[in-house]
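Protein chains in written order, with this note's numbering: chain A, 11 to 336; chain B, 11 to 336.
C-beta: ideal position from N, C-alpha, C; glycine also.
Below is one structure, written out as structure tokens, with a few remarks after it.
There are 2 protein chains.
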Amino acid sequence: MSHDDDASPSDRTRDALTAAHLYYMQDLTMDAIAHELHTSRSSVSRLLSHARASGLVDIQIRSPLDAPSRLEKEILDRFHVTAHVVPVPDNASDVDRLERVALSVARILGQYFDSNMTLGVAWGSTMNAISRHVTLKATHNSQIVQLNGAGNMRTTGLAYASEILGRFGTAFGAHVQQFPVPAFFDDPATKQALWRERSVSRLLEIQGRMSVALFGLGSPFSEVTSHVYAGGYLDEADYASLSDAGVVGDVATVFFRADGSTDGIALNERSSGPEFAVLRSTPRRICVVSGTAKLASLRGALHADLITDLFLDEGTARALLNSPTA
Amino acid sequence: MSHDDDASPSDRTRDALTAAHLYYMQDLTMDAIAHELHTSRSSVSRLLSHARASGLVDIQIRSPLDAPSRLEKEILDRFHVTAHVVPVPDNASDVDRLERVALSVARILGQYFDSNMTLGVAWGSTMNAISRHVTLKATHNSQIVQLNGAGNMRTTGLAYASEILGRFGTAFGAHVQQFPVPAFFDDPATKQALWRERSVSRLLEIQGRMSVALFGLGSPFSEVTSHVYAGGYLDEADYASLSDAGVVGDVATVFFRADGSTDGIALNERSSGPEFAVLRSTPRRICVVSGTAKLASLRGALHADLITDLFLDEGTARALLNSPTA
DNA sequence: GGTGCTCCTGCACGTATGTTCATTGACAGT
DNA sequence: ACTGTCAATGAACATACGTGCAGGAGCACC
Chain A
11 MSHDDDASPS
21 DRTRDALTAA
31 HLYYMQDLTM
41 DAIAHELHTS
51 RSSVSRLLSH
61 ARASGLVDIQ
71 IRSPLDAPSR
81 LEKEILDRFH
91 VTAHVVPVPD
101 NASDVDRLER
111 VALSVARILG
121 QYFDSNMTLG
131 VAWGSTMNAI
141 SRHVTLKATH
151 NSQIVQLNGA
161 GNMRTTGLAY
171 ASEILGRFGT
181 AFGAHVQQFP
191 VPAFFDDPAT
201 KQALWRERSV
211 SRLLEIQGRM
221 SVALFGLGSP
231 FSEVTSHVYA
241 GGYLDEADYA
251 SLSDAGVVGD
261 VATVFFRADG
271 STDGIALNER
281 SSGPEFAVLR
291 STPRRICVVS
301 GTAKLASLRG
311 ALHADLITDL
321 FLDEGTARAL
331 LNSPTA
Chain B
11 MSHDDDASPS
21 DRTRDALTAA
31 HLYYMQDLTM
41 DAIAHELHTS
51 RSSVSRLLSH
61 ARASGLVDIQ
71 IRSPLDAPSR
81 LEKEILDRFH
91 VTAHVVPVPD
101 NASDVDRLER
111 VALSVARILG
121 QYFDSNMTLG
131 VAWGSTMNAI
141 SRHVTLKATH
151 NSQIVQLNGA
161 GNMRTTGLAY
171 ASEILGRFGT
181 AFGAHVQQFP
191 VPAFFDDPAT
201 KQALWRERSV
211 SRLLEIQGRM
221 SVALFGLGSP
231 FSEVTSHVYA
241 GGYLDEADYA
251 SLSDAGVVGD
261 VATVFFRADG
271 STDGIALNER
281 SSGPEFAVLR
291 STPRRICVVS
301 GTAKLASLRG
311 ALHADLITDL
321 FLDEGTARAL
331 LNSPTA
């Protein structure tokens, strides 16, 4: 009747594709599909899972433009940033909150990243969570570039950062550019010397030309210690200097004040993260925030014009709007 | 805890949107969503149905480019047309076949049609089937234009054509341009006179500028009588003249031969359908075929270069390829 | 204040779906 | 040939889901 039974290269994918067609386009039941494909219902269920997981099936949610949530509209009006408010119940724990925001971002990321693009990614608990959920999307000639080093006094950080980068890389079939330097240098001179090395300057150039940047926020002085501060990257003196300088947060280990300024923050001279000028020249800059602990940091980042697309949970969005207009 | 309970304009849509987010982006179970939205699981199920039906949720299937089906690739190579082969079991009935192809087309059509576009549609059993399944997609400043008249000696055909057009119109929120003339005039002079009327010429101009044309195929001499021939549009003499001229099919009641030529086919002088030159100037021309009965017609339409995108069932695709290269 | 209408809700039921598990067949190493 | 490993399969079970139904809220019209 049919003409399969010959094992071609990606036979499974072919089957998954037709199963998806039958299921999502023709509304057949899995049972019926199993019959048409001469296999069992269970296998069809698995085929469809495979189809979804490998990005063959792409489910998008499109607000009918006339109905963005009040929060998103108000954030756009006041901060000139496209917001995506992730619905999370107010009683959710902070980990839940992070996890759910990350999941949403991971699902939507594919809409922003495509072939021939370069994606810059930071690292940290937020990025880690996102990386664990990115859905597959085949791209060509694209690359992932690490925004800032991850080494510290205890470890080179390579494993941690590379794990995150790697997940993005395999999800998009993209080439991964690692950045094997410490997050903070002890001596600014070392950084400058290294920055002149061709291997490093090549990478900095790639950063300068990236199409999309994806990052979370650090907030050194909030109760919830973010990864940077817990991991032994900074010592007491560093903290004191940040506090003295009036720092409220960081993006990719580059610090800023509440008004978005960075001038005279000594630690930035030793940071491996990209200068904000580099970020600002990136067409799309996606920031992911969950939890009100990072509010001050978020306000600063908004003032610094680091963000074009903002993902946050509902509670944080409300909190952001409960403040004198920026 | 939450802040709903106030009935805003499109409150249901808002809810459907968050439900969709929670379901499709965050993989929550409907039960969990019901809890978060303070409603019952059943209602969530209905909300999600609503979300899908109103196009809030958009499910696409994307072949990973390196794996289009053999059939699609071969059709592209031989006929230079983008094919979409709809999987249908070989033992399906002709109505099933039509219904399933139509359903697939209806689901995918939204990817071709957007705001500020004009969609030209023919009528007939294929178009009717498609129209009954088109999924909602909000567009602005777009219109649907009827390609050919539907009147005949028994009825004005207004109801039938208008029903089809109307379904497309409401699905896309587009303005509908009807074409209230007979499918075939008795006297070519009448047609020409009418064509000079401003109301009609305005419509012809719209046809001339359309972005997408959507049509099925007629095949006057196949066993399965298509709507045009069953409905009393043509008399014995007409049939004889078509047969004498070597006609194998029609698009929007304009006839062509196996080699795609139309010169000297008298009936076309009296037809209300668009000249093929008009069609050929349309950037995207989507043809929908189901069932091998229309094969000869399809081959002619391909020769006439009427098609840029072809939707057909698997069996017909195979049959199309079982023939000397074109 | 009925009366009929429509629309919405949640329950309960039957069906469709996801997942575990034991079995199988293919294959590589010895 | 034997055996261990692995991926893939379908049966059986547990869950999640869709839908008919009865009840109730809102509303227009007598």
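In the DSSP assignment, no residue is bridged to residue 270 of chain B.
Within 7 Å of the CB of residue 140 of chain A, no CB atom of chain B is found; the nearest one sits about 13 Å away. The secondary-structure analysis by DSSP pairs residue 223 of chain A across a beta bridge with A/130 and A/295. Counting along the chain, residue 260 of chain A sits inside the beta strand (DSSP E) bounded by residues 257-261.
Considering only beta carbons, the part of the region 105-118 of chain A lying closer than 8 Å to chain B consists of 110, 113, 114, 117 and 118, in chain order. Residue environment for residue 300 of chain B: buried (at least 16 other C-beta atoms within 10 angstroms of its C-beta).
Any Cβ of chain B closer than 8 Å to the Cβ of residue 35 of chain A would place that residue at the interface, and such an atom is present. For residue 29 of chain B, the enclosing alpha helix (DSSP H) begins and ends at 21-30. For residue 84 of chain B, the CB contacts under 7 Å within the same chain, skipping 5 residues up- and downstream, are 331 in chain order.
Of all C-beta pairs linking the region 182-196 of chain A to the region 145-160 of chain A, three or more are shorter than 8 Å, placing the two stretches in contact. Taking the CA atoms as reference points, residue 129 of chain B sits about 15 Å from residue 146 of chain B. Look at residue 71 of chain A: its C-beta is under 8 Å from a C-beta on chain B. Taking a contact as a CB-CB distance under 8 Å, the pair residue 91 of chain A and residue 317 of chain A counts as one, their CB atoms being some 5 Å apart. Proximity of the region 20-29 of chain B to the region 49-61 of chain B meets the contact definition, three or more beta-carbon pairs being nearer than 8 Å.
Contact annotation for residue 46 of chain A against chain B: 99 [CB-CB distance below 7 Å, chain order].
Interface criterion not met: the Cβ of residue 323 of chain B is under 8 Å from no Cβ in chain A.
Against chain B, a Cβ distance below 9 Å from residue 68 of chain A picks out 68, 69, 70, 71 and 72. For residue 30 of chain B, a Cβ of chain A is located within less than 8 Å of the residue's own Cβ.
Annotated as proximal: residue 142 of chain A and residue 177 of chain A, with beta-carbon spacing under 8 Å. By the Cβ neighbour-count rule, residue 219 of chain B is exposed, with fewer than 16 other Cβ atoms within 10 Å of its own. Per DSSP, the continuous alpha helix (DSSP H) segment holding residue 60 of chain A begins and ends at 51-63. Under DSSP, residue 185 of chain B forms a beta bridge with B/153. Look at residue 179 of chain B here: in three-state DSSP terms it is helix. With fewer than 16 other CB atoms across the displayed protein chains lying within 10 angstroms of its CB, residue 72 of chain B is exposed. Residue environment for residue 309 of chain A: buried (at least 16 other C-beta atoms within 10 angstroms of its C-beta).
Relative to residue 225 of chain B, the option among B/321, B/93, B/107 and B/74 whose CA is nearest is B/321.
If only uninterrupted beta strand (DSSP E) runs of at least 3 residues are considered, those enclosed by the region 69-130 of chain B are 92-96. Between the alpha carbons of residue 266 of chain B and residue 53 of chain A lies a distance of about 47 Å. Straight-line measurement puts the Cα of residue 181 of chain A at about 16 Å from the Cα of residue 114 of chain A. The beta carbon of residue 107 of chain B lies closer than 6 Å to those of 98, 300, 301 and 323 in the same chain, with the five residues before and after it left out. Residue 207 of chain A and residue 109 of chain A have their C-alpha atoms spaced approximately 38 Å apart. At the C-beta level, residue 179 of chain B and residue 154 of chain B come within 8 Å of one another. For residue 281 of chain B, the secondary structure class from DSSP, reduced to helix, strand or coil, is strand. Under a criterion of Cβ atoms nearer than 9 Å, no residue of chain A is adjacent to residue 252 of chain B; the nearest Cβ is some 35 Å distant. Of the residues B/202, B/246, B/251 and B/256, the one whose Cα lies closest to the Cα of residue 283 of chain B is B/202. Pairing residue 41 of chain B with residue 96 of chain A, the inter-Cα distance amounts to about 19 Å.
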